[in-house]
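*Asks:*
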Amino acid sequence: MGIRTFRVARSPHNGISRSDRFEVLLEDRMTVLDALFRIQREQDATMSFRCACRVGMCGTCAMYIDRVPRLACQTRVITLRSRVVSVEPLPNLPVLKDLVVSLDPFFEEWKKVRPALHPLDGEAGELARIPADSAYARHAPRKRDCITCGACFSACGIRASNRNYLGPAAINKAFLRLLDPRDGAKRERLRILNDEHQGIWRCHTQFNCTVACPKGIDLTDSIVRLKRAMLRPERLLRG
Amino acid sequence: MSEDAARKLVEKYRWQFSGMLAWGVQRVTGLLLLLYLLLHVRTVHKLSEGPAAFDQAMAFFRHPVFKLLEIALLGTVILHALNGVRITLIDLGVGHQRHRQLFWIFALGAGALIFLAGAIPIFLASVLKVGT
Numbered sequence: 002m003g004i005r006t007f008r009v010a011r012s013p014h015n016g017i018s019r020s021d022r023f024e025v026l027l028e029d030r031m032t033v034l035d036a037l038f039r040i041q042r043e044q045d046a047t048m049s050f051r052c053a054c055r056v057g058m059c060g061t062c063a064m065y066i067d068r069v070p071r072l073a074c075q076t077r078v079i080t081l082r083s084r085v086v087s088v089e090p091l092p093n094l095p096v097l098k099d100l101v102v103s104l105d106p107f108f109e110e111w112k113k114v115r116p117a118l119h120p121l122d123g124e125a126g127e128l129a130r131i132p133a134d135s136a137y138a139r140h141a142p143r144k145r146d147c148i149t150c151g152a153c154f155s156a157c158g159i160r161a162s163n164r165n166y167l168g169p170a171a172i173n174k175a176f177l178r179l180l181d182p183r184d185g186a187k188r189e190r191l192r193i194l195n196d197e198h199q200g201i202w203r204c205h206t207q208f209n210c211t212v213a214c215p216k217g218i219d220l221t222d223s224i225v226r227l228k229r230a231m232l233r234p235e236r237l238l239r240g
Numbered sequence: 260m261s262e263d264a265a266r267k268l269v270e271k272y273r274w275q276f277s278g279m280l281a282w283g284v285q286r287v288t289g290l291l292l293l294l295y296l297l298l299h300v301r302t303v304h305k306l307s308e309g310p311a312a313f314d315q316a317m318a319f320f321r322h323p324v325f326k327l328l329e330i331a332l333l334g335t336v337i338l339h340a341l342n343g344v345r346i347t348l349i350d351l352g353v354g355h356q357r358h359r360q361l362f363w364i365f366a367l368g369a370g371a372l373i374f375l376a377g378a379i380p381i382f383l384a385s386v387l388k389v390g391t
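Quick note, the sequences are listed as chains W and D, same order.
Under our numbering, think of the first position of the first sequence as 2, with each following residue one higher.
Under our numbering, think of the first position of the second sequence as 260, with each following residue one higher.
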C-alpha cells in the first residue's frame with residue numbers, strides 16, 4: 002500500500018502555530034483515524050486527538066482533513082488526493098490540545114434554540130399521532146440524523162465572521178422542532194430564528210455546511226425553507 | 260499548473276465548493292461595480308462644472324484601455340446580475356437543491372454567451388474600429 006506523509010497540527014507553542022510531519026505505512030482500508038493511532042503508537046505518544054465509536058455515529062473524531070471538516074473514522078486515506086495529508090483541528094472552535102477542540106461554542110448555540118421537545122400537552126395519556134403526509138413526517142427522516150459533530154459549524158463561513166450566528170446544526174434542529182406537531186415552544190424558537198444578528202437571515206447560502214455534513218443532511222435546505230416559512234410565521238405556529 | 264492539477268481544482272470547486280465560489284464571485288463583482296459607480300458619479304458630476312470640464316473628463320476615457328475595461332464591465336455586470344438572480348431564487352427556495360447547476364450553467368454558462376454577444380460587437384467597433 003505504500004507510505005503516506007501526514008502533516009498534523011500541534012498545539013501552538015508560545016503563540017506560534019506548528020505542525021509535525023509523520024510517515025505512515027498504509028494498510029488496506031486504512032482511515033485517517035487508524036493512521037493517527039499508528040502515529041501515536043509508533044512515533045509520538047504525546048499527540049492528542051479524540052474519538053469514541055469509530056463507526057461514524059458519535060461525531061467525536063471530526064477534524065479538518067485536507068482543509069475539509071470530516072470524520073477521521075470515515076475518511077479513508079486512499080480517497081484523499083493530496084500528496085501530504087493535512088490534519089488540523091476544526092476551525093471556528095477553540096483548540097484544547099493538538100487536534101482536540103472544545104465544542105462549547107457549538108453547544109451554546111445549540112441550547113439557544115431549545116433543542117429538546119417541549120410537549121404541548123405533557124399530561125396527555127395517549128401517544129401522539131403524526132400523520133404520514135405531515136411536513137414533519139416528510140422531512141424528519143432526512144434531517145434528524147445530526148450527530149452534533151460540529152463539522153457544519155466549523156465549515157460555516159458566516160459563523161467564522163459572526164460569533165453570534167446560531168450555525169447550521171442548531172437551525173436544522175429548530176426546523177425539525179417547528180415542524181413537530183407535538184411541540185409547544187414554537188413561538189420562542191421563531192423569535193430566536195428571526196433575530197437579525199444570530200438567526201437564519203445571516204445565512205448567505207454558501208452551502209459549506211451541506212458539503213461538510215458527514216451524515217448527508219441538507220442543512221442549507223432547512224435554512225432556506227425556514228426563510229420562506231418565516232414570511233408567513235402564523236402557518237408554522239398553526240403547524 | 261499541470262493539466263491534472265487544474266482538473267482536480269475544477270472538480271473540487273465544481274462539486275464541493277460551488278456555493279462558496281459563487282458567494283466569493285458575488286462579493287468581488289459587487290466591489291468592482293461599486294468602484295465603477297464611484298468613477299461614474301464623479302465623471303457625471305463634472306457636468307456641474309460646465310461643458311469644458313465634462314469634455315475633458317470624457318476625453319480621458321477615450322483611451323483604448325478604457326474600451327477594454329468597458330468590455331470587462333459588461334462581464335462583471337452580467338455575472339453579478341445572473342448570480343444575483345440565482346441567489347434570489349435560492350433564498351426563495353427555488354432550485355436550491357440544484358445550486359451548482361444554477362451557478363455553472365445559468366450564471367457562468369449563459370452569462371458567457373450573453374457576454375460574448377455583447378463583447379464581440381463592442382470590441383470590433385471600439386477597439387478594432389471595424390466599419391468606421
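Just so it is clear, CB atoms sit at the ideal spot from N, CA and C, and this is done for glycine as well.
Model, not experiment: these values are computed from the prediction.
Which residues, taken in chain order from the stretch 339 to 358 of chain D, show a beta carbon closer than 8 angstroms to some beta carbon of chain W?
*Replies:* Ile346, Ile349, Asp350, Leu351, Gly352, His355, Gln356, His358
*Asks:* What alpha helix (DSSP H) runs, 4 residues minimum, are completely inside the stretch 162 to 220 of chain W?
*Replies:* 169 to 180, 187 to 194, 209 to 213
*Asks:* Specify the secondary structure class of Leu293(D) as computed by DSSP and reduced to three states.
*Replies:* helix
*Asks:* Between which residues of its own chain and Phe374(D) is the CB-CB distance below 7 angstroms, once the five residues before and five after are set aside?
*Replies:* Leu333, Gly334, Ile337
*Asks:* Put Ser98(W) into one of helix, strand or coil per three-state DSSP.
*Replies:* Inspection of the sequence shows that residue 98(W) is occupied by Lys rather than by Ser. In this structure, Lys98(W) counts as strand in the three-state DSSP scheme.
*Asks:* Following the continuous beta strand (DSSP E) through Thr241(W), name the residue where it begins and the one where it ends.
*Replies:* This structure cannot settle anything about residue 241(W), because the visible part of chain W is limited to 2 through 240.
*Asks:* Could you spell out where the beta strand (DSSP E) holding Glu24(W) opens and where it closes?
*Replies:* 17 to 26
*Asks:* Examine the Cβ distances between the stretch 59 to 76 of chain W and the stretch 134 to 151 of chain W and report whether three or more of them are shorter than 8 angstroms.
*Replies:* With the cut-off at 8 angstroms, the stretch 59 to 76 of chain W and the stretch 134 to 151 of chain W touch.
*Asks:* Answer yes or no: do Asp219(W) and Thr211(W) have a C-beta to C-beta separation smaller than 7 angstroms?
*Replies:* yes
*Asks:* With a 10 Å radius around its C-beta and 16 neighbouring C-beta atoms as the bar for buried, classify Ser307(D) as buried or exposed.
*Replies:* exposed
*Asks:* Hey, would you say Glu89(W) sits closer than 7 angstroms to Ala36(W), going by beta carbons?
*Replies:* For Glu89(W) and Ala36(W), no; Cβs fall outside 7 angstroms.
*Asks:* Taking beta-carbon pairs under 7 angstroms, can you tell me which members of the stretch 202 to 215 of chain W lie near chain D?
*Replies:* His205, Thr206, Gln207, Phe208, Asn209, Val212
*Asks:* Let me see if you follow: with CB-CB separation under 7 angstroms, is Gly289(D) close to chain W or not?
*Replies:* no
*Asks:* So with Cβ pairs under 7 angstroms, would you call Arg42(W) a contact of chain D?
*Replies:* no
*Asks:* Excluding the 5 residues preceding and the 5 following Ser135(W) in the sequence, name in chain order all residues of the same chain whose CB lies nearer than 7 angstroms to its CB.
*Replies:* Result list for Ser135(W): Pro182, in chain order.
*Asks:* Whole angstroms is fine: what's the gap from Asp196(W)'s alpha carbon to Trp202(W)'s?
*Replies:* 8 angstroms
*Asks:* Compare the beta carbon distance of Leu27(W) and Val86(W) with 7 angstroms and say whether it is the shorter of the two.
*Replies:* No, they are not a contact pair.
*Asks:* Would you grab the beta carbon distance between Leu94(W) and Pro106(W) for me? Rounded to a whole angstrom, and I think it's under 8 angstroms.
*Replies:* 6 angstroms
*Asks:* Tell me, please, which residues DSSP counts as bridged to Thr149(W).
*Replies:* Answer is none; Thr149(W) lacks a bridge partner.
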